[in-house]
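Numbering (this note's numbering), first residue to last: 154 to 659.
Note sheet for the following structure.
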Ligand code: ADP
Ligand code: MG
């Protein structure tokens with residue numbers, strides 16, 4: 154059993170711990186034995202306090218198994234499992250731990266940390282495993298705060314997922330109209346836009362917005378009967394009722410509701426009888442000013458496998474499409490999803506994902522889930538390198554820099570503008586890019602500028618050579634190839650170049 158002590162110079166002197174001064178009043182024995190009267194509930198309260206003041210990611214990374222070695226009214230000595238943990242707690246989180254300790258036990262003025270691997274013995278009942286504690290605390294919190302998914306009264310009790318809300322639907326140019334129409338429908342169900350027909354490709358948020366409208370109407374008008382269903386389920390309801398000879402009852406039930414939401418109506422293609430039933434239901438609801446909300450993968454008139462009379466009914470209200478979200482919207486969605494999972498995604502990593510993943514929001518969310526799982530299960534932190542590796546593994550993007558992200562920024566016209574942008578981005582003088590020195594801080598921007606001129610603006614090597622103080626063709630070629638080799642290893646630089654291209658629209 155190896156025991157070590159935090160600071161070796163226990164001579165009753167002030168010891169500087171990253172801006173902190175601690176006063177040690179006595180020497181510790183070489184082998185640490187916790188006091189008999191250790192109060193685990195005090196430690197638990199301190200840990201609980203820390204879970205609210207520290208970032209989740211920090212807490213889970215640096216706080217492992219912990220106990221108390223000594224506890225007096227003035228002083229708390231934490232007992233931790235490794236010198237890594239001790240160093241981090243003492244250096245990075247000293248202030249937070251001290252104030253959490255003071256909050257729980259106001260007379261405490263000194264805290265300290267000791268390492269003893271023996272703490273790892275699972276039978277030690279005075280030890281708190283911070284990861285387990287965190288899970289318990291947050292799951293309790295969740296249970297208190299978030300109501301479970303709701304069952305909707307009515308036909309076979311459809312479930313609307315309460316996490317889909319208008320408030321957490323991120324608005325951008327691609328879905329502004331849908332959101333506005335959805336809000337109008339919530340304000341005046343049955344009279345604003347009837348039916349509301351939303352169409353778009355998979356994974357762009359149709360189900361989210363439909364269910365969000367359902368949730369909002371149910372919250373606002375408690376007495377309204379809201380049914381969310383999918384075309385698939387509608388179809389099986391119908392088939393079931395045919396088997397049981399209860400088609401009329403099925404129709405009556407549907408006709409008695411106030412808001413009917415049917416997702417993915419394209420799946421009714423070729424199901425003529427089901428379409429007829431829906432046609433009848435639609436007419437009754439519509440005549441009674443009941444709200445109908447539908448979604449499909451195409452606008453009604455392109456859903457040619459549906460009966461023309463049904464298609465034309467779908468066109469009576471408003472038809473809005475959900476488009477592909479742009480970079481900013483993707484980024485905001487990703488950040489919102491991370492926030493909802495209480496996961497701290499560094500800004501540059503979020504940008505990297507949003508930049509490199511294209512249209513499908515569900516795919517972006519899938520990557521976020523993988524990153525969270527990797528972090529929680531294997532302690533792999535969300536860095537650009539790790540995420541880039543994951544993206545390549547999933548082969549969602551062809552090549553991180555080479556992919557054809559269509560950029561919205563205005564195209565630059567001249568090499569001068571490019572040089573200005575590159576110099577500005579790397580924070581150096583333009584002339585340092587053009588000169589022929591060997592300083593690394595100038596060489597990379599120089600190579601980046603050449604590379605972009607060649608690959609994105611189609612300049613010839615000769616022309617680039619002339620711009621860069623008359624270098625010859627092969628020197629430019631060499632620089633471009635060199636950068637390509639660097640880019641294969643340096644994902645951060647990859648990413649920076651993507652940002653530059655984004656800014657320049659090239
Ligand atoms: P669709 O029904 O069009 O296939 P979904 O509604 O299932 O797509 O969306 C896929 C995922 O993307 C969902 O988790 C949804 O919450 C999310 N999503 C899509 N668009 C947005 C948005 N604008 N804001 C927030 N989340 C979105
Ligand atoms: Mg859907």
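C-beta atoms are modelled at their ideal positions from N, C-alpha and C, and glycine is treated no differently.
| Check | Outcome |
| --- | --- |
| Residue 234 classed as buried or exposed, judged by whether at least 16 other C-beta atoms fall within 10 angstroms | buried |
| Given residue 110 as reference, the closest of 247, 237 and 356 once Cα atoms are compared | Lying outside 154 to 659, the shown extent of the chain, residue 110 is not represented and no answer is given. |
| Cβ pair residue 640, residue 605 closer than 8 angstroms | no |
| Cβ shell of residue 484 (< 7 angstroms), same chain only, five flanking positions each side left out | 503, 504 and 507 |
| Endpoints, the beta strand (DSSP E) within which residue 224 is located | 218-224 |
| Cα-Cα separation, residue 497 to residue 643 | 23 angstroms |
| Residue ranges of each beta strand (DSSP E) within the region 342-426, 3 or longer | 349-352, 379-383 and 412-416 |
| First and last residue of the uninterrupted alpha helix (DSSP H) at residue 319 | From DSSP, residue 319 is part of no alpha helix (DSSP H); its letter is neither H nor E. |
| CA nearest to the CA of residue 518, picked from 528, 397, 488 and 343 | 488 |
| Segment contact, 8 angstroms Cβ cut-off, at least three pairs: the region 607-624 with the region 460-475 | no |
| Rounded Cβ spacing between residue 349 and residue 338 (contact assumed at less than 8 angstroms) | 5 angstroms |
| Pairwise C-alpha distance: residue 477 and residue 284 | 39 angstroms |
| Secondary structure of residue 178, DSSP reduced to three states | Any answer about residue 178 is weak, because its pLDDT of 33 lies below 50 and its placement is not dependable; what the coordinates show is given next. Looking at residue 178 - three-state DSSP - the assignment turns out to be coil, as it is neither helix nor strand. |
| First and last residue of the uninterrupted alpha helix (DSSP H) at residue 261 | Unbroken run through residue 261: none, as it is neither H nor E. |
| Alpha helix (DSSP H) segment containing residue 278, residue limits | That residue, residue 278, is in no alpha helix (DSSP H); it is neither H nor E in DSSP. |
| Under 8 angstroms between C-beta atoms of residue 199 and residue 253 | yes |
| Paired residues, beta bridge with residue 443 - DSSP | Paired residue(s): none; residue 443 is not in a bridge. |
| Contact test: residue 382 Cβ vs ligand 2 heavy atom, cutoff 7 angstroms | no |
| Supposed contact pair residue 257 and residue 202 - C-beta distance, whole angstroms, cut 8 angstroms | 6 angstroms |
| Meets three-Cβ-pair contact criterion under 8 angstroms: the region 316-325 and the region 364-374 | yes |
| Coil, strand or helix - residue 245 by DSSP | coil |
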